[in-house]
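Residue numbers (our numbering), protein chains in the order written: chain E, -15 to 233; chain V, -15 to 233. Even glycine gets a Cβ: it sits at the ideal position worked out from N, Cα and C.
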DNA sequence: CAGTGGTCTAGACCACGGT
DNA sequence: CCGTGGTCTAGACCACTGC
C-alpha cells in the first residue's frame, strides 16, 4: 500500500519511512498551533485510523516526539504537548540558593527597553533583514534582592509588538509564558553557548563585583516549534556561582 | 505466558516489563565481557528466539541500549557493542586548534606517578575502603607543544596494577584504550562537573599563565558497564580557551 | 466503569552489506 | 545471492486514570 500520510495538507517526502512522515506532520500541526502546549492531542486509536497506519507505526512517531521533548505521555490520561521550561534553564548553570538554603527561582527587573536596529550578530541569529527593528531589554535577575545575573534580550519587533508598550514593572520573572500570552510566541528549543569573560565596569557595577573578575557568559538563541529564531539573549553571571554537571557516554 | 527472561543466570525482576528485563540482561552480559566493545552481538532472530520473545519486544530492548549509547546498529551488518569515546571529551569544552586551524587531539605527557592512599573525596568517588591504595598520575596535555590542560588522575591499584610499572614515556595520548588493553578495564560512562577556579602558582606555571587567572576545572568520575567507578580525574584548562555549546528543550 | 496509554505477539516485506 | 537490521501490520491483553 502507498497512501499519503498528511492530515494537514503539509507536503511530505513520500520516500521517508511512514513514522518519519507522521512525525513531521505532527510537528507541523503543533508548530501551527493546532494543539497548544499543555493540551491533549487525539488518542492513539484516533490518530492511527486518521492516518491509516497501524498503532505500532503511530507509536513510533509519537515515541520520537517524546524523545525530542515535544510530547509527554501519561497512561490513562492521554498524550500532551509539552510546555518547555527553558526560561528557568540558568538554574542548570548557577547554583542559586536562597538564605534558607533551598534552590529558588531568581526574581527579575527590567531596567531599560528600547526599539533599535540590531547589530550583525543579532540580526543574523534572528534571521532579520537589514531594515527590521528589534525590541531590546536590559534585565537584572536577583536572589534575595542581590543581583546574580545581568541579561540583554533582543526580540524581533514584528513578532513582539505588544511588549513595546508594556510598563516595565509589568514584565514578570519568567518572560516565556508572557511571550506566549501577550504575543502568541512559544519558545520550543534553544541553543546556548557558554564561555568565560571578564566583567567590564558596567557589568561589574550591575553584579556588585570587581571589574576584571571572571564571569560566565551564556549566549542563547531561542526557537519556536517551527525552528524559526524568536529571541536572542546574552546573560552574564559571576563565575564563582557557576557549576554544571553533565553525564557523558 | 510467564517465562523467565535470562540467558545469563543473572537475577531479574519479573515484575518489570519484558523489554526492560531483556535490557538489563543484555547490559549484564556486556558488563561481564561476554561481548567486548567493537564486537557484534547475535542477530535479532537469534536473540528473540533464545529469550522466547517476539522480535518487536527484543527490538524495544535493543532500541533502549542504542539510545543509551551502549549498542550501535548497522543495517545489513549487525548490532555492535559501542566503543565509548570518552577520553577525547575535553574537545567538547575547549576549542583546540592547531596552527593549521583544524581541530586536533592534544598530545599527552605523564610527568609523575605514585602509589598512595587517596583523600576522602577520591576514596568516596571511587568507592574504596580505608586501606585501599591508588595510582596517581600527573599529566600534561599539549597542543603544538604548548600546554593546554593539566590533569591529575587517580586509579584503584587493585584494578590497574599493570600501570604501576609502566615506563612513563609508554603512556599514550589516550589512556582509556590503554586501560582496556593492559588492565581489561573498559570505561563506559562518566559524570563531569564544571566550575571556574583560579590558577594557583603551580598550575599557572604548568599552563604558562599568570597565577590568579581563571581556569575551567572539570571533575570527572568514570564508570564501567556495570556502573562501578573506575577512574577519578581532575582537569584544568585556561578559561579563555573554554567554549561549550548545548541544545536545550 | 469506560477510555487511555503500555506492553507484547507473530508474523510480513523492504533496503542494505557483503559474498 | 543470502543474511542483516529497518519498517509495518492488525490485532491482543494489561495497568492506570477519572468519572
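Assigned secondary structure, residue i (DSSP; H/G/I helix, E/B strand, else coil)
i: residue 44(V); result: helix
i: residue 21(E); result: coil
i: residue 115(E); result: coil
i: residue 193(V); result: coil
i: residue 27(E); result: coil
i: residue 172(V); result: coil
i: residue 16(V); result: coil
i: residue 36(E); result: coil
i: residue 148(V); result: helix
i: residue 212(V); result: coil
i: residue 4(E); result: helix
i: residue -2(E); result: coil
i: residue 164(V); result: helix
i: residue 225(V); result: helix
i: residue 105(E); result: helix
i: residue 11(E); result: helix
i: residue 110(V); result: coil
i: residue 50(E); result: helix
i: residue 89(E); result: coil
i: residue 75(V); result: helix
i: residue 129(V); result: coil
i: residue -13(E); result: Confidence at residue -13(E) is low in this model, with a pLDDT of 49, below 50, so the placement of that residue should be treated as unreliable; the coordinate-derived value is given next. In the structure shown, residue -13(E) sits in coil (DSSP, three-state: anything other than H, G, I, E or B).
i: residue 142(E); result: helix
i: residue 220(V); result: strand
i: residue 158(V); result: coil
i: residue 188(V); result: helix
Closer than 7 Å at the beta carbon, the chain V residues around residue i
i: residue 154(E); result: Neighbours of residue 154(E) on chain V: none; closest Cβ ~27 Å, over 7 Å.
i: residue 73(E); result: 232
i: residue 144(E); result: In chain order: nothing, as chain V lies at least about 21 Å away.
Of the listed residues the options, nearest to residue i (C-alpha basis)
i: residue 143(E); options: 93(E), 208(E), 5(E); result: 208(E)
i: residue 220(V); options: 233(V), 199(V), 214(V), 230(V); result: 199(V)
i: residue 151(E); options: 95(E), 116(E), 180(E); result: 95(E)
i: residue 276(E); options: 71(E), 107(E), 103(E); result: Because chain E in this structure spans residues -15 to 233, residue 276(E) falls outside the shown range and cannot be described.
i: residue 46(E); options: 159(E), 63(E), 126(E); result: 63(E)
i: residue 53(E); options: 176(E), 31(E), 154(E), 11(E); result: 11(E)
i: residue 20(V); options: 33(V), 109(V), 76(V), 68(V); result: 68(V)
i: residue 32(V); options: 60(V), 5(V), 138(V); result: 5(V)
i: residue 159(E); options: 175(E), 135(E), 189(E); result: 135(E)
i: residue 148(E); options: 188(E), 97(E), 104(E); result: 97(E)
i: residue 16(V); options: 188(V), 169(V), 176(V), 196(V); result: 169(V)
i: residue 183(V); options: 197(V), 176(V), 177(V); result: 197(V)
i: residue 86(E); options: 216(E), 0(E), 127(E); result: 127(E)
i: residue 188(E); options: 36(E), 61(E), 223(E); result: 223(E)
i: residue 22(V); options: 28(V), 44(V), 61(V), 35(V); result: 61(V)
i: residue 13(E); options: 65(E), 185(E), 36(E); result: 65(E)
Under 8 Å by beta carbon: chain V residues contacting residue i
i: residue 198(E); result: 180, 198, 223
i: residue 229(E); result: 175, 176, 177, 178
For residue j and residue i, believed in contact at Cβ under 8 Å, the rounded distance
i: residue 173(V); j: residue 229(E); result: Actually they do not touch by this definition, with Cβ atoms about 13 Å apart.
i: residue 74(V); j: residue 133(V); result: 6 Å
i: residue 234(E); j: residue 140(E); result: Residue 234(E) lies beyond the range of chain E shown here (-15 to 233); nothing can be said about it.
i: residue 226(E); j: residue 179(V); result: 6 Å
i: residue 41(E); j: residue 2(E); result: 5 Å
i: residue 109(V); j: residue 213(V); result: 6 Å
i: residue 102(V); j: residue 192(V); result: Actually they do not touch by this definition, with Cβ atoms about 29 Å apart.
i: residue 77(V); j: residue 202(V); result: 7 Å
i: residue 100(E); j: residue 120(E); result: 6 Å
i: residue 7(V); j: residue 49(V); result: 6 Å
i: residue 157(E); j: residue 206(E); result: So it is not a contact: roughly 17 Å between Cβ atoms.
i: residue 106(V); j: residue 216(V); result: 5 Å
Interface partners of residue i on chain E, CB under 7 Å
i: residue 53(V); result: 233
Within chain V, partners of residue i - CB distance below 9 Å
i: residue 68(E); result: 232, 233
i: residue 226(E); result: 178, 179, 180
Contacts that residue i makes with chain E (C-beta to C-beta distance below 9 Å)
i: residue 23(V); result: Correct list: empty, because the minimum Cβ distance to chain E is about 18 Å.
Q: Below 8 Å between beta carbons is the criterion; list the residues of the segment 167 to 181 of chain E that meet it against any residue of chain V, in chain order.
A: Within the segment 167 to 181 of chain E, the residues whose Cβ lies closer than 8 Å to some Cβ of chain V are 172, 173, 174, 175, 176, 177, 178, 179, 180, listed in chain order.
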